[in-house]
Structures are given as structure tokens and as C-alpha cells.
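Here's the structure we're looking at; comments come further down.
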Amino acid sequence: MKETILLIALTLFMVAIAILLYRVIMGPSMPDRAIALDTIGVNLISAIAIVSILLKTKAFLEAILILGILAFIGTIAFSKYIERGVIVERKGDS
Amino acid sequence: MKTNDVILQFTAKIVFFMIFFYAVHIFFAGHYTPGGGFVGGLVTASAIVLLIIAFDIKTVQSIIPINYIYLVAVGLIIAGATAAFSMIMGKPFFTHYFDYFNLPILGKTSLHTAALFDLGVYLVVVGVTMTIIQTIGEDE
Numbered sequence: 001m002k003e004t005i006l007l008i009a010l011t012l013f014m015v016a017i018a019i020l021l022y023r024v025i026m027g028p029s030m031p032d033r034a035i036a037l038d039t040i041g042v043n044l045i046s047a048i049a050i051v052s053i054l055l056k057t058k059a060f061l062e063a064i065l066i067l068g069i070l071a072f073i074g075t076i077a078f079s080k081y082i083e084r085g086v087i088v089e090r091k092g093d094s
Numbered sequence: 095m096k097t098n099d100v101i102l103q104f105t106a107k108i109v110f111f112m113i114f115f116y117a118v119h120i121f122f123a124g125h126y127t128p129g130g131g132f133v134g135g136l137v138t139a140s141a142i143v144l145l146i147i148a149f150d151i152k153t154v155q156s157i158i159p160i161n162y163i164y165l166v167a168v169g170l171i172i173a174g175a176t177a178a179f180s181m182i183m184g185k186p187f188f189t190h191y192f193d194y195f196n197l198p199i200l201g202k203t204s205l206h207t208a209a210l211f212d213l214g215v216y217l218v219v220v221g222v223t224m225t226i227i228q229t230i231g232e233d234e
């Protein structure tokens, strides 16, 4: 019973990622694609959590935290590139 | 156009310490749980990259005044010296030692020389990643 519920939730997360992938490919502007990629990262975190419940292990919790950190930094890098046109500034004159 | 990213800079100041201490936790927990020197080094490098993105490369170099190429050399020396120490003691290359010690606060702890080798891996990974990112970022 519990396994069925978890599998249904996992399927729904996969459907959400597929819909977001449509937004990544067909998105009219670049901020649409950046936000869709960030949301895909969050959905992947949830999917990893459900898989770790299904496999009855705690070994994936570190992967969840690291994926959260990397999604955060990647989204910030994307948004800074969209706004400024450069990710790493050489000198702070702003 | 003058832009002001005060929210990003304030967030980066706090999140940097959370990511850095999590990297230290991954490094020390690598013997019994997933993690180790490689992942810890990469997470530390990503914390410094967050500072570089939020501020700029001159500010971060004045905050963390480390030449990362020397960091690679120090890491290689630590890893090589750990491996060569067992040759001096008359054992084969890369023989590791461990024992149990009673530390003042932590209590009974097992200290292993593989942690020293892992420290070398950690320093090399941080140094190589930051050298690559700084070299690409400084290009005019």
C-alpha cells in the first residue's frame, strides 16, 4: 500500500519534469528556461527523497543536500548572466 | 545603469558558511558514510564560487588570500608524505595505521592516517577547481 502511494508520487514527479522540459525547450525567453531548470532541480530532489524511502536507505540524503546547493548556485549564475552578460566580474565598480 | 544586488550579497554571506561547514562535515564523515575528500573539495569550491558570483574576483581574493596553485602543491606533498611515511617505517608503500585515542572533549576516537591522505585529495580538488575558474574568469 505504502509502496503504491510512493510509486504514484514518483510518476507524478516524472510527469511534472516532462512538462517542465517542454518549457525548457519551447520557452519563448531565457528567464523562462532558467526558472524551468531550477524547478526541475527541486523536483529531482523530491524524486531522490522518494527513491530513498523506497530503497529503505539513508545514503541519498547527502546527494539531496548537494543537489540543492548546486541548483541554487546554478540558478544564480544563470540569472546573473541574463542580467549582466557576465558571470565573474573582475573588479567591483557597481 | 547602476544595479544594486544587496539581497544576493547578504544571502551569499550567510549561505557561504552553511555550505562550507557542510563540506567540512562531508569531509570528516567520509570514512563511515558517503562523502570524502573529493566531494568535500568540490562543495568547498562551490561555496567560494558563490562568493565570486555575488561579489567580484578582486574582493574574494582579498577575503581569501590564497594562491590556489600553491594549495595544489601542498595537497600533493601531504598525500605523498602520508604514502611515503610507511616506507620509512619499513612497511610497503601506502600502508596505513590507525589506533584509538582518548581525546579531551570528543572521548574515544579512532584516528586513521587515511584521513591525512584524504586531506591531500581535498586540497588538490579545491586548488584545481579554483584555479580553473579564476583563470577563465580573469580573461579579458
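Same order as they appear, the protein sequences are chains G and V. Residue numbering for the first sequence follows this note's numbering, beginning at 1 and increasing consecutively. Residue numbering for the second sequence follows this note's numbering, beginning at 95 and increasing consecutively. For every residue, glycine included, the Cβ atom is placed at its ideal position computed from N, Cα and C. In this text the structure is predicted, and so the values were computed from the model without any measurement.
The beta carbon of threonine 189 (chain V) sits no closer than 9 Å to any beta carbon of chain G.
Only buried fits methionine 224 (chain V), as 16 or more other CB atoms lie within 10 angstroms of its CB.
Contact annotation: glycine 41 (chain G) and threonine 75 (chain G) have beta-carbon atoms nearer than 9 Å. Taking 9 Å as the cut-off, the beta carbon of glycine 231 (chain V) is found no closer than this to the beta carbon of isoleucine 160 (chain V). Any Cβ of chain V closer than 9 Å to the Cβ of valine 51 (chain G) would place that residue at the interface, and such an atom is absent. Within the same chain, Cβ atoms closer than 8 Å to the Cβ of glutamate 3 (chain G) are found at Leu54, the five residues on either side in sequence being excluded. Selection G:Phe78, G:Leu65, G:Ser79 and G:Asp32 evaluated against methionine 112 (chain V) yields G:Leu65 as nearest (Cα-Cα). Contact check for glycine 131 (chain V) and phenylalanine 121 (chain V): beta-carbon distance about 6 Å, within the 8 Å limit, so the pair qualifies. For the C-beta of valine 137 (chain V), the chain G residues within less than 7 Å are, from N- to C-terminus, Ile66 and Ile69.
A straight-line Cα-Cα distance of about 15 Å links valine 137 (chain V) and aspartate 212 (chain V).
For valine 133 (chain V), same chain residues with a beta-carbon under 6 Å away, outside a window of 5 residues either side, are Ile120 in chain order. Scanning its chain for C-beta atoms nearer than 6 Å, with the 5 sequence neighbours on each side dropped, one finds around glycine 135 (chain V) the residues Tyr216, Val219 and Val220, in chain order.
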